[in-house]
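Worksheet: the structure to be examined is printed underneath.
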Amino acid sequence: MTAILEDVANRTFDYVIIGGGTAGLVLAARLSEDPSVSVCVLEAGGANSDEPAILIPGQYGGTFMNPLFDWSFASVPQANANNSIVPWFRGKGLGGSSGMNFSSYHRPPAHDIDAFERLGNPGWNWDRFMRYSKKAETFQPPTAEEIEKYSYYTNQGSHGSDGPLRTSFPSRLSRIEWAFHETFGNLGIKRQKDPMGGNITGLWTGVSTLDRDTGHRSYSANAYLAPNASRKNLQVLTAALATRLIFAPATDFDGVRATGAEFLYDGGKTVVHAREEVILSAGTLKSSQILELSGIGDPNILAPLGIDVLVDLPGVGANIQEHIHTSMVVEIEKSDEWETYDVLREDPQYAREQLELYKSSREGAYTMGIGSFAFLPLQTINPEAVERMAASLATKIDKLKNPALREQWTLQLEALKDKDIPDCEFVMMPQFLPPAISPPEARKKYLTLLVALNHPLSRGTIHITSDDPIAHPAMDPHNLEQDEDLQMLVEMLKYLRRVTETDPLKSIIVKELSPGPKIVNDEELKDFSRSTTGTLYHTAGSCSMLPREKGGVVDHKLKVYGTTNVRVVDMSILPLHVMAHTQGVVYAMAEQAADIIKEDALA
2 MTAILEDVAN RTFDYVIIGG GTAGLVLAAR LSEDPSVSVC VLEAGGANSD EPAILIPGQY
62 GGTFMNPLFD WSFASVPQAN ANNSIVPWFR GKGLGGSSGM NFSSYHRPPA HDIDAFERLG
122 NPGWNWDRFM RYSKKAETFQ PPTAEEIEKY SYYTNQGSHG SDGPLRTSFP SRLSRIEWAF
182 HETFGNLGIK RQKDPMGGNI TGLWTGVSTL DRDTGHRSYS ANAYLAPNAS RKNLQVLTAA
242 LATRLIFAPA TDFDGVRATG AEFLYDGGKT VVHAREEVIL SAGTLKSSQI LELSGIGDPN
302 ILAPLGIDVL VDLPGVGANI QEHIHTSMVV EIEKSDEWET YDVLREDPQY AREQLELYKS
362 SREGAYTMGI GSFAFLPLQT INPEAVERMA ASLATKIDKL KNPALREQWT LQLEALKDKD
422 IPDCEFVMMP QFLPPAISPP EARKKYLTLL VALNHPLSRG TIHITSDDPI AHPAMDPHNL
482 EQDEDLQMLV EMLKYLRRVT ETDPLKSIIV KELSPGPKIV NDEELKDFSR STTGTLYHTA
542 GSCSMLPREK GGVVDHKLKV YGTTNVRVVD MSILPLHVMA HTQGVVYAMA EQAADIIKED
602 ALA
């Protein structure tokens, strides 16, 4: 499925794609559909094919911090979060983060996608997004028995039927998921029966990137690459770390032209040449780094490092937005009725038995999915908090001198005031997960109730601090820099207390471990949040799709300003973050990008 160095080194391809992750492999498959078009993919990680840690659903999180699968990034100390250093897991190897995430497949609210077009990007709207999202997907509907047992709701019209990526509901859910749904229902939260159709507000069970036919994770490597790996016009080189783009010495009025890319392979530097375009799909944390190493970025960042500035583009590495979270951890009854992942961690014999059961019949604990979500407007949780935050944000907007941020915050204020657009995410994880104040005890069962802020006001940066391509850039999401972000987490934690004091969850909870009964008032919850805030690894914005004068890095056709043939296709182009887990956004974006590139080639 992968090439050898001689297939790529010093050779010329029509398209060179840097990064064989979620977006990169979609592009590789789509662009190589034309046998007359040659495509090369450079992937820094390994092939990682047939890896149980990737393929088996119940292995969620097992690849984190493993250098075979994970870049293992970390933030700089967060000044507004008690100087905490936040781990930043990102997929390394073919498939990228689609091979190491928790398999959730969401679509954001239509409002969030339409915001891209409102920020100056024609063609990036909900209707087109929906078309490309369905193009990527083959939805495998639940059985009648599963619908009866788990109350699965679905609208077939909101799903694709012949795309490469397989999606489905989990074939097995813990009974705790039922308790989660019933509890929110008792608080007046309604079921959302079509969360893939542009309205995610309410309580619902999400689909996952799980292939029912194989029982395996479906991700870009086995969905897009594997069926097309034998194409003679497609070469995929793994263990190839792109270091910089190569540009022609002469420039024209339209900008500099890339002629290829330099990369490290087995300790040595070599190059690959591009006849038409070089496409960066290295992810939000790497694409901006490669641009800066290539001389495209803010002169104030590049010049002190001795890097010649080819394109003065200050937006590179700026406008970083990240979904952040904290959580409540509770101990629950030890009854066999409440199945959790904790037993797989604590009982090696049981884990082995369940793994054998999975291998032989695709049944058992390793088929358990994570499916329960509640996306709620802050209006539902605390209307008074909306009034306070809206007034505070409006005052900040009036004082802003940054026109791009003013437009973004105005859209976010609009969403905050809208009682139908969610601001808050609640996820039930049937296991003990950090960060928690107390460690788990043996032979006990836990729930982690996660709360996430998906529309942060804080904006961060990712910039190189060295001209060494192996060195990680400095990653500073500026977590909780804006007070409203912190207050939003506090309001969600307070609402969780209402949840856990409502039956049926109340009846099965033994005690709250984290934050714990000693943390009660807003100030205590704020300090808890500062110490425990983490990332959901949904980073966006480092190569934002915005007008150049507003800090943009790429235009609406994803072409880097100041270049004639360099594009970026990954989460880094999102100008404003979305209320959803993000791999579904990336698949749709990459499908749309492939058509844009094909159309431009014919122009």
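Just so you know, my numbering puts 130 at position 129 of the sequence shown, and the rest follows in order with no gaps. Ideal placement from N, C-alpha and C gives every residue a C-beta, glycine not left out.
Checklist entry - Which partner residues does tryptophan 205 have in the DSSP bridge list? => result Numbered from 1 along the sequence shown, position 204 holds the residue referred to as residue 205. According to DSSP, tryptophan 205 bridges with Phe374.
Checklist entry - Do methionine 489 and proline 414 come within 8 Å of each other at the CB atom, strictly closer than that value? => result The residue labelled residue 414 in the question sits at position 413 within the sequence shown. The residue labelled residue 489 in the question sits at position 488 within the sequence shown. It should be noted that the sequence gives leucine, not proline, for residue 414. Result no, Cβ atoms of leucine 414 and methionine 489 do not sit closer than 8 Å.
Checklist entry - What's the gap between the Cα of glycine 186 and the Cα of glutamine 193? => result Reading the sequence shown from its first residue, position 185 is the one you call residue 186. Reading the sequence shown from its first residue, position 192 is the one you call residue 193. Inter-residue distance for glycine 186 and glutamine 193 is about 11 Å (C-alpha atoms, whole angstroms).
Item to check | Cα-Cα separation, valine 554 to alanine 595 | outcome: By one-based count along the sequence shown, residue 554 stands at place 553. By one-based count along the sequence shown, residue 595 stands at place 594. Distance between the alpha carbons of valine 554 and alanine 595: 19 Å.
Checklist entry - Can you give the Cα-Cα distance for glutamine 584 and lysine 136, rounded to whole angstroms? => result In the sequence shown, residue 584 corresponds to position 583, counting from 1. In the sequence shown, residue 136 corresponds to position 135, counting from 1. Inter-residue distance for glutamine 584 and lysine 136 is about 14 Å (C-alpha atoms, whole angstroms).
Next on the checklist: For phenylalanine 529 and proline 516, which I take to be in contact (beta-carbon distance under 8 Å), what is that distance rounded to the nearest angstrom?
Outcome noted: Position 528 of the sequence shown, counted from the first residue, corresponds to residue 529. Position 515 of the sequence shown, counted from the first residue, corresponds to residue 516. Correct: roughly 5 Å between the Cβ atoms.
Item to check | Rounded straight-line distance, which links the Cα of leucine 506 to that of glutamate 277 | outcome: For the purposes of this step, residue 277 is taken as the residue at position 276 of the sequence shown. For the purposes of this step, residue 506 is taken as the residue at position 505 of the sequence shown. Note on geometry: alpha-carbon atoms of glutamate 277 and leucine 506 lie some 58 Å from one another.
Item to check | tyrosine 106 vs threonine 210 beta-carbon contact at 8 Å | outcome: Position 105 of the sequence shown holds residue 106. Position 209 of the sequence shown holds residue 210. At the C-beta level, tyrosine 106 and threonine 210 come within 8 Å of one another.
Next on the checklist: Does phenylalanine 254 pass the burial test, meaning 16 or more other C-beta atoms within 10 Å, or should it be called exposed?
Outcome noted: Translated into the one-based positions of the sequence shown, residue 254 becomes position 253. Burial call: exposed.
Checklist entry - Would DSSP call phenylalanine 529 helix, strand or coil? => result Walking along the sequence shown from the start, residue 529 turns up at place 528. The three-state reading of DSSP puts phenylalanine 529 in helix, counting H, G and I together.
Checklist entry - According to the Cβ coordinates, are methionine 197 and arginine 108 closer than 8 Å? => result Translated into the one-based positions of the sequence shown, residue 197 becomes position 196. Translated into the one-based positions of the sequence shown, residue 108 becomes position 107. In contact: methionine 197 and arginine 108 (Cβ atoms closer than 8 Å).
Checklist entry - Do you know how far the Cα of glutamine 593 is from the Cα of glutamate 600? => result On the sequence shown, position 599 is the one that residue 600 refers to. On the sequence shown, position 592 is the one that residue 593 refers to. Taking the CA atoms as reference points, glutamate 600 sits about 11 Å from glutamine 593.
Checklist entry - With distances taken between CB atoms, is the gap from serine 545 to isoleucine 574 smaller than 8 Å? => result Numbered from its first residue, the sequence shown carries residue 545 at position 544. Numbered from its first residue, the sequence shown carries residue 574 at position 573. Between serine 545 and isoleucine 574, the gap from beta carbon to beta carbon is short of 8 Å.
Next on the checklist: Considering just the uninterrupted stretch of the alpha helix (DSSP H) at histidine 112, what are its terminal residues?
Outcome noted: Start at 1 with the first residue of the sequence shown, and residue 112 comes out as number 111. It spans 111–119 - the alpha helix (DSSP H) in which histidine 112 sits, taken as one unbroken run.
Next on the checklist: Taking contact to mean 3 or more Cβ pairs, one atom from each stretch, closer than 8 Å, check whether the region 85–97 and the region 217–225 are in contact.
Outcome noted: Taking a cut-off of 8 Å on C-beta distances, the region 85–97 touches the region 217–225, as three or more cross pairs fall below it.
Checklist entry - Would you call glycine 654 buried or exposed, if buried means 16 or more other Cβ atoms sit within 10 Å of its Cβ? => result Past the boundaries of the shown model lies residue 654; the chain is included only from 2 to 604, so the question cannot be answered.
Checklist entry - In or out: serine 362 buried (at least 16 other Cβ within 10 Å) or exposed? => result Here residue 362 refers to the residue found at position 361 of the sequence shown. By the neighbour-count rule (16 or more Cβ atoms within 10 Å), serine 362 is not buried but exposed.
Checklist entry - Cβ atoms of histidine 456 and alanine 416: under 8 Å apart, would you say? => result Residue 416 sits at position 415 when you count from the first residue of the sequence shown. Residue 456 sits at position 455 when you count from the first residue of the sequence shown. Histidine 456 sits close to alanine 416, with the two beta carbons spaced by under 8 Å.
Item to check | Rounded distance between the beta-carbons of glutamine 290 and arginine 19, thought under 8 Å | outcome: On the sequence shown, residue 19 is found 18 positions in, with the first residue counted as 1. On the sequence shown, residue 290 is found 289 positions in, with the first residue counted as 1. Note that residue 19 is isoleucine in the sequence shown, not arginine. At roughly 11 Å, the Cβ-Cβ gap does not stay under 8 Å, so isoleucine 19 and glutamine 290 are not in contact.
Next on the checklist: Alpha carbons only, please: which of Met329, Thr341, Asn156, Leu311 is nearest the one belonging to glycine 535?
Outcome noted: What you label residue 535 is simply residue 534 of the sequence shown in a count that begins at 1. The shortest CA-to-CA distance from glycine 535 to any of Met329, Thr341, Asn156, Leu311 is the one to Met329.
Item to check | Where tyrosine 266 sits in the DSSP three-state scheme | outcome: Along the sequence shown, one-based indexing puts residue 266 at 265. Assigned with DSSP and collapsed to three states, tyrosine 266 falls in strand.
Checklist entry - So, valine 1 versus methionine 390, is the Cβ gap smaller than 8 Å? => result Since the first residue of the chain shown is 2 and the last is 604, residue 1 is not available in this structure.
Checklist entry - Under 8 Å, do glycine 161 and threonine 144 count as touching if we go by C-beta distance? => result Along the sequence shown, one-based indexing puts residue 161 at 160. Along the sequence shown, one-based indexing puts residue 144 at 143. Between glycine 161 and threonine 144, the C-beta spacing is not below 8 Å.
Next on the checklist: Please state the DSSP three-state secondary structure of isoleucine 291.
Outcome noted: Looking up residue 291 in the sequence shown gives position 290. Looking at isoleucine 291 - three-state DSSP - the assignment turns out to be helix.
Checklist entry - If you draw a straight line from the C-alpha of valine 521 to the C-alpha of phenylalanine 433, how long is it? => result In the sequence shown, the residue the question calls residue 521 occupies position 520. In the sequence shown, the residue the question calls residue 433 occupies position 432. The alpha-carbon atoms of valine 521 and phenylalanine 433 are separated by roughly 22 Å.
Item to check | Distance, lysine 93 Cα to aspartate 486 Cα | outcome: Here residue 486 refers to the residue found at position 485 of the sequence shown. Here residue 93 refers to the residue found at position 92 of the sequence shown. If I take the Cα positions, the gap works out to 30 Å.
Checklist entry - Where do the ends of the beta strand (DSSP E) carrying methionine 369 lie? => result Taking the first residue of the sequence shown as 1, we reach residue 369 at position 368. It is not in any beta strand (DSSP E) - methionine 369 carries neither H nor E in the DSSP assignment.
Checklist entry - Would the beta-carbon of glycine 25 fall within 8 Å of that of serine 439? => result As a working mapping, residue 25 is identified with position 24 in the sequence shown. As a working mapping, residue 439 is identified with position 438 in the sequence shown. Taking 8 Å as the Cβ cut-off, glycine 25 and serine 439 do not qualify as a contacting pair.
Item to check | Cut-off 7 Å between Cβ atoms - residues of its own chain near glycine 307, not counting five sequence neighbours on either side | outcome: The residue given as residue 307 occupies position 306 in the sequence shown. Correct list, in chain order: Asp468.
Item to check | Integer-rounded CB distance, given that phenylalanine 427 should sit under 8 Å from isoleucine 201 | outcome: Position 200 of the sequence shown, counted from the start, is the residue given in the question as residue 201. Position 426 of the sequence shown, counted from the start, is the residue given in the question as residue 427. The C-beta separation of isoleucine 201 from phenylalanine 427 comes to about 12 Å, leaving the pair out of contact by the 8 Å criterion.
Item to check | CB-CB length for threonine 244 against glycine 47, believed under 8 Å | outcome: One-based indexing of the sequence shown puts residue 244 at position 243. One-based indexing of the sequence shown puts residue 47 at position 46. Not confirmed; about 18 Å, so no contact.
Item to check | First through last residue of the alpha helix (DSSP H) which encompasses glutamate 388 | outcome: Numbered from 1 along the sequence shown, position 387 holds the residue referred to as residue 388. Note, glutamate 388: alpha helix (DSSP H), 384–400.
Next on the checklist: Here's the rule: buried if 16 or more other CB atoms are within 10 angstroms of the residue's CB, otherwise exposed. What is valine 491?
Outcome noted: Here residue 491 corresponds to residue number 490 of the sequence shown, with the count starting at 1. Looking at its Cβ environment, which holds 16 or more other Cβ atoms inside 10 Å, valine 491 is buried.
Checklist entry - Does the beta-carbon of methionine 66 have 16 or more other beta-carbons within 10 angstroms, so that it is buried, or is it exposed? => result The residue given as residue 66 occupies position 65 in the sequence shown. It counts as exposed.
Checklist entry - Checking contacts by CB at 8 Å: is glutamate 502 closer than that to chain B? => result In the structure shown, chain B cannot be found, because there is only a single protein chain.
Checklist entry - Count the other CB atoms within 10 Å of the CB of glycine 318; is the residue buried (16 or more) or exposed (fewer)? => result The count along the sequence shown starts at 1 and reaches residue 318 at position 317. With 16 or more other Cβ atoms inside 10 Å of its own Cβ, glycine 318 counts as buried.
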